[in-house]
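Colleague: Quick one: the structure is below, and I'll ask about it shortly.
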Amino acid sequence: MDAETVDLQTLVARYRSRLQLGQTTIRERYLADGDAPRLLRERCRLIDEVLCDLWQALHLPVSLALLAVGGYGRGELYPASDVDLLLLLPEPPGDALIPQLERAVTLCYDIGLEVAPSVRTVGECADAAAGDLTIQTALIEARLLVGSEELFDEFSAELEKVLDPHTFFEAKRSEQDERHLRFDDTPYSLEPNCKESPGGLRDLQTILWIASAAGYGRSWDDLAQYGFLTLEEQEQLKRSIGFLQQLRTRLHIHVGRREDRLLFDYQTALAEQLGYQATETRRASERLMQKYYRTAKEITQINTILLLNIGAAISPLPEQPPQPINERFQNAHDLLDLIDDEVFHRDPGVILEAFLLMQRHPELQGMTARTLRALWHARTLIDDAFRCDPGNRARFIEILQQPHGVLHAMRRMNQFGILGRYLPRFGKIVGQMQHDLFHVYTVDQHILRVLRNLRRFLADEFTHEYPLCSELIGDFSRPWVLYIAALFHDIAKGRGGDHSRLGAVDAAEFCSAHGVDADDSELIVWLVQQHLLMSTVAQKQDIADPDVMGAFAAMVKDERHLTALYLFTVADIRGTSPKVWNSWKGQLLEQLFRSTCRTLLAGGQVPVRQGLIEDRRREALRLLRYFALPDAVHERLWKQLDTVYFLRHSAEEIAWHTRALHYRTSVEQPVVKARINPQGDGLEVMIYTLDQNDLFARLVGFFGRAGYTIVDAKIHTTRHGYALDSFMLLDLSDRGSDRAMINYIEHELTVRLTWQSPPESPGSGRISRQVKHFPIQPQVTIEPDEKGSRYVLSVSAADRPGLLYTIAMTLAAHGANLHTAKISTLGERVEDTFLISGGDLGKTSSRIKLESELLERLKL
């Protein structure tokens, strides 16, 4: 081994040890005192010293320079952040210099630095920056570590020539918009990225990059000196930045690598490390995340104001006298502008007037930075006296009653803290996460999404989405009552107790205080208290049963209540998560709505069972005539079917079954027919076979292995011992191949049923991280139905692959017969209802044993 090799090994060992010891000391000091900004500074300083000493030890030419760029250049190095370096050269390297540069970079890796190096001349830097916004941004933050100051000055001068403040501003603003879209344009996702998501650290860095490019300085103090920041905003920024720095630092240390996503896997541990304690109604992680969401909201506020202010300074709009709107506001370049900065302090009621003016003047495209800043600072003026003022109450109701801009007004009011100040109960649920396995938004954002959905029903451009909803709301007088119900339906989340009942109390107080008339107040309060009623009935009960229909019609009372509840239910379900809504739920709700309408039009009289059955038989026969079948085609099959079959199936389904089975009602070969759901998405599958053991489990396993989920099952046994089962299937993987799967299902399932193959498990898939980290305790109840002849099995559990198969096998083991199954998937949670009989279910001990076994098998 030659001397040079020995020297290099010694050099690597010395600097590796120095780096490891230094970083361990910094980390331990942070864990002891929790001072994240000091950790960021000290890690930068340590690496500065190591790199400068290493540079000197390598005896690189004095004409070169080593620059820190990117986050390292900014002086912020998180525990797992890369070290961005630029080796700056006066000219392209020659044959003698290239090996030296390669050795320098290799040594950085060898001593344990995660470097991101680049090697460029000054001219190459200028060319690269001119054509690449990312490089331009990284170079803006460059600082000289060691080497030629003259070369660094030359670099800075060339970079300044390349930078055009206006072009850079527009590019960075567009880049931010695109980045926000990648994160669904919201900081309120379940697992936000504390660096890249809206309201994250990147939004703050964007402001400083723009300021630096425009010559307004590199720090928040510099921006304050230029008048872009107030003292209060500086203090708010200091708190927000400190929280995010603390959170990201803890995240890197906890995970042990670079990770900026606040995944479920880490939220609980981070909350405990940062001192958050669980309460009776909220997890520690939920309290941490509420703090994060509120911080992100504050950062988006400051980001919005500063972008407007700095943009106006960089590219002043042409001189154009503002157009007065009234004595308090004016139109400045199609933006709502204050005439006097003190107007809100003189008359706080003008706060709400600003939002009304935005609605009444469609030519206004937004608010000026001055107006937004004044609104934000004026939010603290909203106190009990403000809320009790009759004029303010009237303005708030007016905002909700306007034909345009209701959603934008509520969103702006929430973003700038005004909505939560005016409705203190709403303020408590701002940023409150719901780890209930189906809501994917904070409570306040879910409420605003429900409001958005209601407003979309009124917009002509969205009538194709839900034509019935658009038709109904178009004829619905005073739709603003629905908006008030939306604001209150989940406002009591997190308090403990029944949030629907508690929210109804809040809604009643609001209506009384705001002079809402008795009829509208009653509807609003009823909607809040019963907002889950329609989805519960549609997804858990047999809506073909006249008794179920009669009970539901009695609860909704009249057509206005029914219409309001239907519109609200569709908007609410669609506002929980993209995964929760599907065409099958839409079909069930519409079917329940139309059936209840008919009942109410008949004076609340539900058709008697026999009359209903006769109607369906006549309609089925009418449909059969379209296929030129003999008049007596139905007789052989129908004489084997009892009244329950005709109650559960629609006339169209009865006609389909009859067409498929009229000539083979007593065959040994199973009959399997599949078709595209005639009323929506998915497949409808009919199975007709001699009854056999474990049939339901066998069918569930097959459909699961084929990639389908069962959303509805109607199980029927004929008088002569045949199973006639119908299933509604949805392909949750969205393969778009339902039609192609029809032949596969008909052939493969027929083979399996013919040979009575053992039930096949649908396979074990991956349990979602949300289910893993926020498990719910499974619940199982078995209660007799109204007639006492059968039992209703209700199951609530976290969804996972093979769940329905597990239930089916357990029922089979107990000899229970299944009659109907209602399968309801709410995001990551299922709420399934089964009508069962047989076995020893008549014995209390047997039912308890079945409940206990199901509970044990449903545990994760």
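Using the working numbering, the first residue of the sequence shown is number 153, and each one after it goes up by one. Backbone N, C-alpha and C define an ideal beta-carbon position, used for all residues, glycine too.
#1: Among Ser747, Gly763, Ala803, which has the Cα closest to the Cα of leucine 773?
#2: Please tell me whether arginine 545 and alanine 665 are closer than 8 Å, where the distance is taken between their beta carbons.
#3: Can you grab the Cα-Cα spacing for the pair isoleucine 676 / proline 576, in whole Å?
#4: Identify every residue that forms a DSSP beta bridge with valine 595.
#5: Between the region 340 to 356 and the region 411 to 420, do at least 3 Cβ pairs fall closer than 8 Å?
#6: Using a Cβ-Cβ cutoff of less than 7 Å, which residues in the same chain neighbour threonine 902 once the five nearest sequence positions on both sides are dropped?
#7: Does the beta-carbon of isoleucine 934 have 16 or more other beta-carbons within 10 angstroms, so that it is buried, or is it exposed?
#8: DSSP three-state call for valine 785: helix, strand or coil?
#9: Just tell me which of Tyr943, Ile897, Thr841, Gly649 has its CA closest to the CA of arginine 871.
#10: Is the Cβ-Cβ distance between asparagine 566 and aspartate 596 less than 8 Å?
#11: Write down the C-beta distance between valine 932 and valine 947 rounded to the nearest angstrom, noting that I regard them as a contact closer than 8 Å.
#12: Closer than 8 Å by C-beta to alanine 421: which residues in its own chain qualify, once you throw out the five before and the five after it? Chain order, please.
#13: Could you tell me whether the region 234 to 244 touches the region 309 to 317, using the rule of 3 or more Cβ pairs below 8 Å?
#14: Look up histidine 560 in the DSSP assignment and say whether it is helix, strand or coil.
#15: Hey, how far is the Cα of proline 1026 from the Cα of alanine 268?
#16: Identify whether methionine 585 lies in helix, strand or coil by the three-state DSSP scheme.
#17: Hey, out of Ala217, Glu787, Leu259, Gln398, whose CA is closest to valine 164's CA?
#18: Going straight from the alpha carbon of methionine 719 to that of histidine 616, what length do you get?
#19: Which whole-angstrom value is the C-beta distance of leucine 296 and phenylalanine 304, which I expect to be below 8 Å?
#20: Mind the definition here: the region 525 to 533 touches the region 474 to 481 only if three or more C-beta pairs lie below 8 Å; say whether that holds.
#21: Just to confirm, is the Cβ distance from alanine 949 to valine 982 under 8 Å?
#22: Which residue comes first and which comes last in the beta strand (DSSP E) that contains threonine 869?
#23: Put threonine 810 into one of helix, strand or coil per three-state DSSP.
#24: My assumption, with CB atoms under 8 Å, is that alanine 366 sits in contact with isoleucine 462. Please give the rounded CB distance.
#25: Could you check the C-alpha separation between aspartate 159 and glutamate 438 for me, to the nearest Å?
#26: Identify whether glutamine 929 lies in helix, strand or coil by the three-state DSSP scheme.
#27: Have a look at glycine 572 and glutamate 266 and give me their C-alpha separation to the nearest angstrom.
#28: Secondary structure at asparagine 969, three-state DSSP: helix, strand or coil?
#29: If you check the beta carbons only, do leucine 191 and isoleucine 178 fall under 8 Å apart?
#30: Exposed or buried, arginine 653, counting other C-beta atoms within 10 Å across all chains shown (16 or more means buried)?
#31: Taking 8 Å as the threshold (C-beta atoms), are methionine 510 and alanine 561 in contact?
#32: Check this for me: beta carbons of cysteine 277 and glutamate 243, under 8 Å apart or not?
#33: Let me check you understand the geometry: is the CB of arginine 653 closer than 7 Å to at least one non-hydrogen atom of the ligand HEM?
#34: Take phenylalanine 879 as the anchor and find which of Ile725, Val837, Thr751 has the nearest alpha-carbon.
#35: As an exercise, report each continuous beta strand (DSSP E) stretch of at least 3 residues that is fully enclosed by the region 193 to 244, in chain order.
#36: Report yes if the CB atom of arginine 402 is closer than 8 Å to the CB atom of glutamine 388, and no otherwise.
Modeller: Per the coordinate set shown:
#1: Ala803
#2: yes
#3: 19 Å
#4: BP columns for valine 595 are empty, so no partner.
#5: yes
#6: Pro822, Val824
#7: buried
#8: coil
#9: Thr841
#10: yes
#11: 6 Å
#12: His406
#13: no
#14: helix
#15: One cannot answer for residue 1026 here, as it falls past the ends of the chain, which runs 153 to 1012.
#16: coil
#17: Leu259
#18: Per the sequence shown, residue 719 should be read as leucine rather than methionine. Their backbone Cα atoms lie some 15 Å apart in a straight line.
#19: 4 Å
#20: no
#21: yes
#22: 861 to 869
#23: helix
#24: 7 Å
#25: 54 Å
#26: coil
#27: 45 Å
#28: strand
#29: yes
#30: exposed
#31: yes
#32: no
#33: This structure lacks the ligand HEM, and indeed carries no ligand of any kind.
#34: Val837
#35: 217 to 220, 235 to 241
#36: no
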